[in-house]
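Enquirer: Once you've had a glance at the structure underneath, I'll fire off some questions.
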Amino acid sequence: MNDTLILAIESSCDETAVAILKNETELLSNVVYSQIKTHQEFGGVIPEVASRIHVEKITYVIKQALTEANVVMEDIDAIGITFGPGLIGSLHVGLQAAKTLAWMYNLPLIPVHHIAGHIYANAYVATLKYPLLAIVVSGGHSELILMNKENEFKVIATTVDDAIGEAYDKVARVMNAGYPGGPVIDKLAKEGKPHYNLPKVKTANENELSFSGLKSAVIQCVAKEKKLGNDININDLAFAFQERALEQILEKTELMINEHPVQHVVLAGGVAANSKLRQDLTELMIHYPDINLTIPPMWCCTDNAAMIAMSAAVNYRYNILATEDLGAKSTVDIEQFHQ
Ligand code: KG4
Ligand code: ZN
Numbered sequence: 002m003n004d005t006l007i008l009a010i011e012s013s014c015d016e017t018a019v020a021i022l023k024n025e026t027e028l029l030s031n032v033v034y035s036q037i038k039t040h041q042e043f044g045g046v047i048p049e050v051a052s053r054i055h056v057e058k059i060t061y062v063i064k065q066a067l068t069e070a071n072v073v074m075e076d077i078d079a080i081g082i083t084f085g086p087g088l089i090g091s092l093h094v095g096l097q098a099a100k101t102l103a104w105m106y107n108l109p110l111i112p113v114h115h116i117a118g119h120i121y122a123n124a125y126v127a128t129l130k131y132p133l134l135a136i137v138v139s140g141g142h143s144e145l146i147l148m149n150k151e152n153e154f155k156v157i158a159t160t161v162d163d164a165i166g167e168a169y170d171k172v173a174r175v176m177n178a179g180y181p182g183g184p185v186i187d188k189l190a191k192e193g194k195p196h197y198n199l200p201k202v203k204t205a206n207e208n209e210l211s212f213s214g215l216k217s218a219v220i221q222c223v224a225k226e227k228k229l230g231n232d233i234n235i236n237d238l239a240f241a242f243q244e245r246a247l248e249q250i251l252e253k254t255e256l257m258i259n260e261h262p263v264q265h266v267v268l269a270g271g272v273a274a275n276s277k278l279r280q281d282l283t284e285l286m287i288h289y290p291d292i293n294l295t296i297p298p299m300w301c302c303t304d305n306a307a308m309i310a311m312s313a314a315v316n317y318r319y320n321i322l323a324t325e326d327l328g329a330k331s332t333v334d335i336e337q338f339h340q
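One gets my numbering by counting positions in the sequence shown from 1 and adding 1 to each.
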């Protein structure tokens with residue numbers, strides 16, 4: 002049988018990324034140009050700036066991915082592309098590049114949902130077993146997704162306000178700790194100890210998550226300490242925030258494991274890089290020895306195109322192909338898209 006090579010492009014936020022995957026198993030290249038340094042100057046992602054950098058870098062990243070894989074465009078069998086969700090201007094750049102390549106080389110175009118990509122990143126290190134529970138924690142999403150079978154997605158819990166990564170970033174800004182907030186707070190919290198008492202997050206329904214109240218509690222805590230003339234211990238504050246943020250994820254995960262016949266739990270999204278979450282989830286799952294646990298390696302937690310290539314490869318098997326009028330979408334319902 003001939004090899005199948007998929008070239009995938011990801012540009013939904015602030016990473017310009019291209020990967021080439023062979024036969025759904027062999028990652029030939031995975032090039033990521035991170036814009037973090039530029040956005041650090043602004044303390045967050047400026048969408049307009051992100052789009053502009055994608056335009057500047059995309060050709061270079063495509064070329065680099067081909068070079069590292071030691072292939073040429075004529076070897077490629079299909080193009081995978083994140084069409085949403087994400088920043089609309091950023092998505093447009095990758096999508097337009099993908100459509101142009103597909104047209105020039107007469108290749109099928111495979112649309113990929115960014116979150117499906119995060120989940121399928123785990124397929125690089127494990128054989129996925131279904132029903133599978135994916136804990137999706139990123140800068141734009143916080144949800145628990147149940148997959149009864151391959152490529153079928155059901156959102157069984159979701160945030161009613163901010164995403165967890167967004168909360169990490171906002172809290173780090175309040176603490177003047179830098180951007181992106183996730184890795185910074187992760188590091189500070191390691192030096193922190195129980196000191197500040199932030200309220201436990203409560204939601205109206207068990208299938209809800211919430212992070213904006215926690216962010217406000219951090220702001221109030223800072224204001225109160227300032228009023229009292231106390232210096233803020235940012236290690237301890239990072240510790241307190243992280244305890245409450247992760248507690249929710251773990252409690253909801255356990256709840257959903259008890260409610261659904263889950264055989265495999267996977268972590269997905271940028272916040273999957275968090276050392277405390279990785280540790281706490283591993284400890285929780287010791288109590289469920291019959292359920293597999295996969296925590297993605299650090300290289301495929303934050304945005305990259307390897308994960309998009311893997312999801313594209315699965316979609317390709319299901320003949321999920323885009324028509325020429327595929328457009329970028331800032332929001333996409335994963336259940337509907339994969340119906
Ligand atoms: O998946 P991702 O790269 O982009 C989106 O799809 O949103 O996730 C980025 C998010 C950011 O909010 C960042 O602060 C967070 O992931 N993040 C972390 C860590 N590393 C990245 N959050 C907590 N701990 C980390 N170590
Ligand atoms: Zn992402």
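All residues carry an ideal CB built from backbone N, CA and C; glycine is no exception.
(1) Could you check whether the Cβ of P109 sits closer than 7 Å to any heavy atom belonging to the ligand KG4?
(2) From which residue to which residue does the alpha helix (DSSP H) around N259 run?
(3) Can L199 and I235 be called in contact, C-beta distance under 8 Å?
(4) In chain order, what are the residues with a CB under 6 Å from some non-hydrogen atom of the ligand ZN?
(5) Going by beta-carbon coordinates alone, are Q337 and N293 separated by less than 8 Å?
(6) What do you get for P298, buried or exposed, if any count of 16 or more other CB atoms within 10 angstroms of its CB means buried?
(7) Among the residues of its own chain, which have a CB less than 7 Å from the CB of K253, if the five just before and after it don't count?
(8) With H, G and I counted as helix, E and B as strand and the rest as coil, what does DSSP make of M2?
(9) Roughly how many angstroms separate the alpha carbons of M105 and G95, rounded to a whole number?
(10) Within 10 angstroms of its Cβ, does V73 collect 16 or more other Cβ (buried), or is it exposed?
(11) Leaving out the 5 sequence neighbours to the left and right, which residues in its chain are closer than 7 Å to M148 when beta-carbon positions are compared?
(12) Within the continuous alpha helix (DSSP H) that includes T295, where are the two ends?
(13) Got a sec: does the ligand KG4 put a non-hydrogen atom nearer than 7 Å to the Cβ of Y169?
(14) Using a Cβ-Cβ cutoff of less than 7 Å, which residues in the same chain neighbour E353 once the five nearest sequence positions on both sides are dropped?
(15) Between which two residues does the alpha helix (DSSP H) harbouring T204 extend?
Expert: On the basis of the coordinates in this document:
(1) False, no ligand heavy atom lies under 7 Å from that Cβ.
(2) Run containing N259: I235 to E260, per the alpha helix (DSSP H) assignment.
(3) At least 8 Å separates the beta-carbon of L199 from that of I235.
(4) Listed by chain position, these are H115, H119, S139, G270, G271 and D304.
(5) Against a cut-off of 8 Å, the Cβ pair of N293 and Q337 comes out as no contact.
(6) Counting of Cβ neighbours within 10 angstroms places P298 among the exposed residues, the total staying below 16.
(7) Excluding sequence neighbours, K253 sits near L145, A158 and L210.
(8) Correct three-state label for M2: coil.
(9) One C-alpha to the other measures close to 15 Å.
(10) By the Cβ neighbour-count rule, V73 is exposed, with fewer than 16 other Cβ atoms within 10 Å of its own.
(11) For M148, same chain residues with a beta-carbon under 7 Å away, outside a window of 5 residues either side, are Y131, P132, L133, A135 and F154 in chain order.
(12) No alpha helix (DSSP H) holds T295; the beta strand (DSSP E) holding it covers N293 to T295.
(13) Answer for Y169: yes, Cβ within range of the ligand KG4.
(14) Look at the range of the chain in this structure, 2 to 340, and you will see that residue 353 is not part of it.
(15) Boundaries for T204: no alpha helix (DSSP H) harbours it, and the DSSP string shows neither H nor E there.
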